[in-house]
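Colleague: First the structure, which I've put down as structure tokens, then a few questions once you've had a look.
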């Protein structure tokens, strides 16, 4: 047997420490400059291009009732801001949207879990649940108005019908994609039944669930706008959908543009502020976010 | 059905870590029932290191699943001294937890008090030489480090029997070599019983006190060898190579039988 100064145990420890150092690579967060040139600059340039094309188009159309100039739309924003109404419009819609989304979350999560784990429930309502995702939620507005009348409950009902299927389906696909190895590992450690669901199935299904939440928000927002446009009623308070409908009735094209831009940007902003960071955090903590 | 699986009380010693008696297992396939394991009888003594060696289709992983309680034998009985821990070819660490929290989860599921978990997890990480990896996520660890963290999580179960299903076969040769040394050291320090499945003859001889060769389709115990070579062994040692050669010849003979039709 080979005789060396070091004992085999010490030798192994040394080799091991070396291997560990060689095989682990340090990961670093992108710098502020990289974020600016990679993430912020491109959309800013795209926005500038849109504004330039828009400005160039205005003289060719030459009809402010069809295509208002960017300046006129800017004035519409300024007016609403000076009258102190702009934030009110936004808040009316955002508070409805988020509250409706929270209801959808509370209903969609247990529903998704039931469909994912109980074979009978899956066979019974699984196909309907995924089918509902492709039904435009605007189709629910007429029956909701008839059942519930022109009020806030009607709005929430429409949001729920739009968002619950997305959230439930996200959780179902998340649970379906849990690697069987994790379930076996959990079982050998004693995580069975409810413990298994809590400690293994749910955390493992989180990426799919978060993707479902993200889509659920997009559906909530769309459904709400459809409901606000169709069921426009002064007593309900003016949200962004009503603003759009009012502008159409008044043939004020600058205000129509203002409303559309607000609807678009609020939807994007909520996604960027809440859902995208949530998704990135979930994926990054699992090493699933591929850096390019 | 003659299936009885008894879990002995953890406190009283039963004289064996695992007792496998006349175990057979068959699965339903489109072509009828297929016998995978045929009348396996095998004891693992407390503190013993046994490797199960065989080619593909010998049912060695199936046998390990049966001992782990993840599946039931078609006939025969399996008894173990407490619930065994199982380590897989893939690390099976949970990616949503840090290395330390993975170990703490195993402790929690065993009923260890919250206040003791952190210290115990740090101790176990030190045992597998991963001091400082407590807060590391799984994807931040190298392949060898992951398998050591998985070993620490298995040890956290405080089982008397550790089942290992080709745990090092996905690692490069250098890392595997080092992990052999580590496993031998930890086995000697903890007094665990180990039932280790592999298709690598040298690995079997390097690690075990007893090597059991399974034939394929159906899996039967073909032969067994006591390995008297003193630890610490190295995979390159002449006695290891010599015994490996002898076992390989028998293994090849077993495999060759399947081609003669």
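Protein chains in written order, with my numbering: chain X, 1 to 292; chain C, 1001 to 1261.
Positions of the beta carbon are idealized from the N, C-alpha and C atoms, including for glycine.
Between 1082(C), 1051(C), 1028(C), 1024(C), which lies nearest to residue 1016(C) when the distance is taken from Cα to Cα?
Modeller: Taking the second chain and counting its residues from 1, the one referred to as residue 1016(C) is at position 16. Checked all of 1082(C), 1051(C), 1028(C), 1024(C); the closest Cα to residue 1016(C) is 1082(C).
Colleague: Tell me which residues share the same chain as residue 1088(C) and place their Cβ nearer than 6 Å to its Cβ, disregarding the 5 neighbours each side in the sequence.
Modeller: In the second chain, counting from the first residue as 1, residue 1088(C) sits at position 88. Counting only Cβ-Cβ distances below 6 Å, and skipping sequence neighbours, we find 1165.
Colleague: Out of curiosity, what's the CA-to-CA distance linking residue 1205(C) and residue 209(X)?
Modeller: As a first step, residue 1205(C) is located in the second chain; it is residue number 205 there, counting from the start. As a first step, residue 209(X) is located in the first chain; it is residue number 209 there, counting from the start. In a straight line, the C-alpha of residue 1205(C) is about 47 Å away from that of residue 209(X).
Colleague: Residues of chain X with CB closer than 8 Å to the CB of residue 1182(C), please, in chain order.
Modeller: Position 182 of the second chain, counted from the start, is the residue given in the question as residue 1182(C). Those within 8 Å of residue 1182(C) in chain X are 12, 16.
Colleague: Does residue 1045(C) come out as helix, strand or coil in the three-state DSSP assignment?
Modeller: The residue labelled residue 1045(C) in the question sits at position 45 within the second chain. Reduced to three states, the DSSP call for residue 1045(C) is coil.
Colleague: By the DSSP assignment, the alpha helix (DSSP H) with residue 1091(C) in it spans what residues?
Modeller: By one-based count along the second chain, residue 1091(C) stands at place 91. Taken as a continuous stretch (DSSP letters only), residue 1091(C) belongs to no alpha helix (DSSP H), as it is neither H nor E.
Colleague: Near residue 1151(C), what residues of its chain come up, given a Cβ to Cβ distance below 6 Å and the 5 sequence neighbours on each side ignored?
Modeller: If you number the second chain from 1, residue 1151(C) lands on position 151. Cβ neighbours of residue 1151(C) beyond the five flanking positions: 1128.
Colleague: Rounded to a whole number of angstroms, what is the C-alpha to C-alpha distance between residue 1092(C) and residue 1252(C)?
Modeller: Within the second chain, the letter at position 92 stands for residue 1092(C). Within the second chain, the letter at position 252 stands for residue 1252(C). If I take the Cα positions, the gap works out to 32 Å.
Colleague: Which residue comes first and which comes last in the beta strand (DSSP E) that contains residue 1195(C)?
Modeller: As a working mapping, residue 1195(C) is identified with position 195 in the second chain. Its beta strand (DSSP E) spans residues 1193–1198.
Colleague: Within the 8 Å Cβ cut-off, does residue 206(X) reach chain C?
Modeller: Along the first chain, read from residue 1 onward, the residue named residue 206(X) stands at position 206. Closer than 8 Å to some Cβ of chain C, the Cβ of residue 206(X) qualifies, so yes.
Colleague: Looking at the structure shown, is residue 1258(C) part of a helix, part of a strand, or coil, going by DSSP?
Modeller: Taking the second chain and counting its residues from 1, one reaches residue 1258(C) at position 258. Residue state, collapsed to three classes: coil.
Colleague: Residues bridged to residue 1165(C) by DSSP?
Modeller: To locate residue 1165(C), count along the second chain from 1; it is residue 165. 1197(C), per the DSSP bridge assignment.
Colleague: Select from the region 31–52 of chain X all residues with a C-beta closer than 8 Å to any C-beta belonging to chain C, and list them in chain order.
Modeller: Taking 8 Å as the Cβ-Cβ cut-off against chain C, none of the residues of the region 31–52 of chain X qualify.
Colleague: Output, in chain order, the set of chain C residues within a Cβ distance shorter than 8 Å of residue 182(X).
Modeller: In the first chain, the residue the question calls residue 182(X) occupies position 182. Under the 8 Å cutoff, chain C gives 1092, 1094.
Colleague: Of all the alpha helix (DSSP H) runs that stay within the bounds of the region 1060–1090 of chain C, which reach a length of 4 or more residues?
Modeller: Runs found: 1060–1068.
Colleague: Which one of 254(X), 30(X), 167(X), 132(X) has the shortest CA to CA distance from residue 217(X)?
Modeller: Here residue 217(X) refers to the residue found at position 217 when the first chain is read from its first residue. With distances taken between Cα atoms, residue 217(X) lies closest to 167(X).
Colleague: Consider the Cβ of residue 1169(C): report whether some Cβ of chain X lies at a distance smaller than 8 Å.
Modeller: Here residue 1169(C) is taken as the residue at index 169 of the second chain, counted from 1. Taking Cβ atoms only, chain X never reaches closer than 8 Å to residue 1169(C), which makes this a no.
Colleague: Flag this pair as yes or no: are the beta carbons of residue 1216(C) and residue 1258(C) separated by less than 8 Å?
Modeller: What you label residue 1216(C) is simply residue 216 of the second chain in a count that begins at 1. What you label residue 1258(C) is simply residue 258 of the second chain in a count that begins at 1. Yes. Within cutoff.
Colleague: From the beta carbon of residue 5(X), is the nearest beta carbon of chain C less than 8 Å away?
Modeller: On the first chain, residue 5(X) is found 5 positions in, with the first residue counted as 1. Its pLDDT being 48, under 50, residue 5(X) is placed unreliably by the model, and the measurement read from it follows with that caveat. Output row for residue 5(X): interface = no.
Colleague: For the beta strand (DSSP E) that contains residue 1026(C), what are its first and last residues?
Modeller: The residue given as residue 1026(C) occupies position 26 in the second chain. Its beta strand (DSSP E) spans residues 1018–1029.
Colleague: Can you list, in chain order, the residues of its chain whose CB lies under 6 Å from that of residue 1156(C), leaving out five sequence neighbours each side?
Modeller: Indexing the second chain from 1 puts residue 1156(C) at position 156. Here the set comprises 1103, 1106, 1107, 1124.
Colleague: If you follow the beta strand (DSSP E) that residue 1212(C) is in, where does it begin and where does it stop?
Modeller: In the second chain, residue 1212(C) corresponds to position 212, counting from 1. First-last of the beta strand (DSSP E) with residue 1212(C): 1210–1214.
Colleague: Are there any heavy atoms of the ligand GTP lying less than 7 Å away from the beta-carbon of residue 1071(C), as far as the coordinates show?
Modeller: The ligand GTP is not part of this structure, which contains no ligands at all.
Colleague: Residues in the same chain with beta-carbon distance under 8 Å from residue 273(X), minus the five sequence neighbours each way, listed in chain order, please.
Modeller: Taking the first residue of the first chain as position 1, residue 273(X) is located at position 273. Once the five neighbours on either side are set aside, residue 273(X) has no close Cβ partner at all.
Colleague: Using only alpha-carbon positions, find the residue among 1109(C), 1146(C), 1024(C) that is nearest to residue 1058(C).
Modeller: In the second chain, counting from the first residue as 1, residue 1058(C) sits at position 58. Selected option, being the one with the closest Cα: 1024(C).
Colleague: State the DSSP-derived secondary structure class of residue 292(X), mapped to helix, strand or coil.
Modeller: Position 292 of the first chain holds residue 292(X). Low confidence applies here, because residue 292(X) scores a pLDDT of 42, under 50, leaving its location unreliable; read the following figure in that light. If DSSP states are grouped into helix, strand and coil, residue 292(X) belongs with coil.
Colleague: Under the rule that 16 or more other beta-carbon atoms within 10 Å means buried, what is residue 163(X), buried or exposed?
Modeller: Indexing the first chain from 1 puts residue 163(X) at position 163. Buried, because 16 or more other Cβ atoms sit within 10 Å of the Cβ of residue 163(X).
Colleague: Below 8 Å on the Cβ atoms is my contact criterion, and I expect residue 264(X) with residue 96(X) to pass it. Report the Cβ-Cβ distance as a whole number of Å.
Modeller: Here residue 264(X) refers to the residue found at position 264 of the first chain. Here residue 96(X) refers to the residue found at position 96 of the first chain. Incorrect: roughly 17 Å between the Cβ atoms, too far for contact.
Colleague: Report the residue from 90(X), 172(X), 98(X), 77(X) whose alpha carbon sits nearest the alpha carbon of residue 114(X).
Modeller: What you label residue 114(X) is simply residue 114 of the first chain in a count that begins at 1. The shortest Cα separation from residue 114(X) among 90(X), 172(X), 98(X), 77(X) belongs to 172(X).
Colleague: Using CA coordinates, which residue listed in 1236(C), 1188(C), 1145(C) is at the minimum distance from residue 24(X)?
Modeller: Along the first chain, one-based indexing puts residue 24(X) at 24. With distances taken between Cα atoms, residue 24(X) lies closest to 1145(C).
Colleague: Does residue 1197(C) get closer than 8 Å to chain X when you measure Cβ to Cβ?
Modeller: Stepping through the second chain from its first residue, residue 1197(C) is reached at position 197. Residue 1197(C) does not count as touching chain X.
Colleague: Taking only the alpha-carbon atoms, compute the straight-line gap between residue 280(X) and residue 170(X) and give it to the nearest angstrom.
Modeller: As a position in the first chain, residue 280(X) is number 280, starting the count at 1. As a position in the first chain, residue 170(X) is number 170, starting the count at 1. Distance between the alpha carbons of residue 280(X) and residue 170(X) is about 16 Å.
Colleague: In chain X, which residues lie less than 8 Å from residue 1178(C) when you measure between Cβ atoms?
Modeller: Your numbering for residue 1178(C) matches position 178 in the second chain. The answer, in chain order, is 12, 15, 16, 19.
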